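So the number in the numbering used here is just where the residue sits in the sequence shown, counting from 1, plus 35.
By construction, the Cβ of each residue, glycine as well, lies at the ideal position given by its N, Cα and C atoms.
Fair warning: this is a prediction, and the values are worked out from it, not measured in the lab.
Notes to accompany the following structure.
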Amino acid sequence: MLPLEGITVVTLEQAIAAPFATRQLADMGARVIKIERPEVGDFARNYDTTVNGLSSHFVWCNRSKESIELDLKTEEGKEALRRLIGKSDVFVQNLAPGAIERMGFIPDELTEKHPELIVCSLSGYGKGGPYETKKAYDLLVQCEAGLVSITGSEEIPSKAGISIADIAAGMYAYTGILTALLNRSKTGKGTVMEISMLEALGEWMGYPKYYSAYGGEEPRRAGASHATIYPYGPFTCGDGKTVFIGLQNEREWESFCLRILEQPQLTDNPKFESNYKRAENRDELKSIIERNFKSKTSEEVIEKVEEAKIANARLNSMKDFFEHPQLTARNRWQQVQTPVGEIAALKPPVTMKNVQSVMNPIPALGEHTESILKEIGMHSQVK
């Protein structure tokens, strides 16, 4: 039996945050019923057409779900949603602030009527406060949370290359729902919860917020290097390729000077005698390291630092990652069915003994409308 088998989730979701959360639930065996707008569906279906005509965002976040088209502007559509919520354990939504209440689905009233129901709402900035109704796209929340201010080069602040605010909110929604299910098993009662993208990403900003609040200065933008640890980041080799190395302590620094740079005297240089000093004089130290690496290929550098047990990495492209030998060796890819054929999907990162994650198809828009409506005693003209 799968961990969440027997749990039904009804989700009124779009884009990334809520769909990412509910896909985790589906992976663990929950039945996830995704409500979509007639003919249009979740707008993430149309972000791009790169996966054999399907959206890369949509196939990532929506496997193993059932899709039902409902027009929630009609009384019939609302009645269908009421019936689905009445049969569910969890109701998830990430519509615009206040939208679900205007439809007549007030979270506190839902849990009064269905005491075991767990209602989870995701939004950009949370209820109340001056930002409650402010539009909250991922980039904008990255800016508001201060992430962009510490990311990028010294000259150019940058966003993270993925939807990190959405993902953070989605993961807290997932773990919050699991916590609520566990608590319900003890108390018999559901709950109402909310997750804001700003607060989710803000939790991940722990080190820089404390560093600046109590240290008196903002962490500097250091590109692909670390703002406060050095050497920690990219270095160019003789073949023009980039190798990343990371040193965490004085023992590793001594080994690096002796075995890699073959300049043990650097450990006695007052400019480099501590991590703080090395970070302060990083430009000079970077020149020393790259002069040494200039006579070696990237593979030779990787081999030497690996032998010295110095943390390292290649600068992989996304194609390199897709073909990563570690993922292949651990059999981490599985074929998943889509409306246009099979695609490769990365298995969920949590591996449990005797538990096989659900990797069911990505649904076509409204694929399950007729069967779900029949299940709740209604007809397909509701959509």
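Residue i bridges to which residues according to DSSP?
i	result
residue 270	278
residue 70	103
residue 192	187
residue 228	155
residue 44	67 and 125
Nearest-angstrom Cα distance between residue i and residue j?
i	j	result
residue 402	residue 101	7 Å
residue 156	residue 85	30 Å
residue 61	residue 67	6 Å
residue 342	residue 284	17 Å
residue 340	residue 348	10 Å
residue 333	residue 303	28 Å
residue 106	residue 37	33 Å
residue 301	residue 338	22 Å
residue 139	residue 414	22 Å
residue 316	residue 290	19 Å
residue 232	residue 159	5 Å
residue 13	residue 380	Outside the shown range of the chain, which is 36 to 418, sits residue 13, and nothing can be said about it.
residue 196	residue 353	12 Å
Looking at residue j and residue i, is the spacing between their C-beta atoms short of 8 Å?
i	j	result
residue 98	residue 397	yes
residue 120	residue 44	no
residue 65	residue 129	no
residue 54	residue 96	yes
residue 411	residue 113	no
residue 70	residue 103	yes
residue 236	residue 262	no
residue 408	residue 50	no
residue 269	residue 320	no
residue 79	residue 127	no
residue 375	residue 87	yes
residue 296	residue 288	no
Could you confirm whether any beta carbon from chain D is found closer than 8 Å to the beta carbon of residue i?
i	result
residue 261	Protein chain content of the structure displayed is limited to a single chain, and chain D is not contained in it.
Fill in: Contact between the region 323-334 and the region 261-281 (3+ Cβ pairs under 8 Å)
The region 323-334, when compared against the region 261-281, does touch it at the 8 Å Cβ threshold.
Fill in: Minimum length 4: unbroken alpha helix (DSSP H) runs contained in the region 315-392
The qualifying runs are 317-328, 333-342, 353-357 and 360-364.
Practice prompt. Jot down the residue ranges of each uninterrupted beta strand (DSSP E) in the region 102-181, minimum 3 residues, whole runs only, in chain order.
Written response: 125-128 and 153-158
Practice prompt. Give, in chain order, every unbroken run of the beta strand (DSSP E) that is at least 3 residues long and sits entirely within the region 48-92.
Written response: 66-71
Practice prompt. Inspect the CB distances between the region 224-236 and the region 153-172 and report whether three or more fall short of 8 Å.
Written response: Output reads yes: the region 153-172 touches the region 224-236.
Practice prompt. Pair every Cβ in the region 205-223 with every Cβ in the region 169-176, then say whether three or more of these pairs are closer than 8 Å.
Written response: no
Fill in: Three CB pairs or more closer than 8 Å across the region 141-151 and the region 199-216
no
Worksheet item: Contact between the region 251-263 and the region 176-188: three or more CB pairs below 8 Å?
Response: yes
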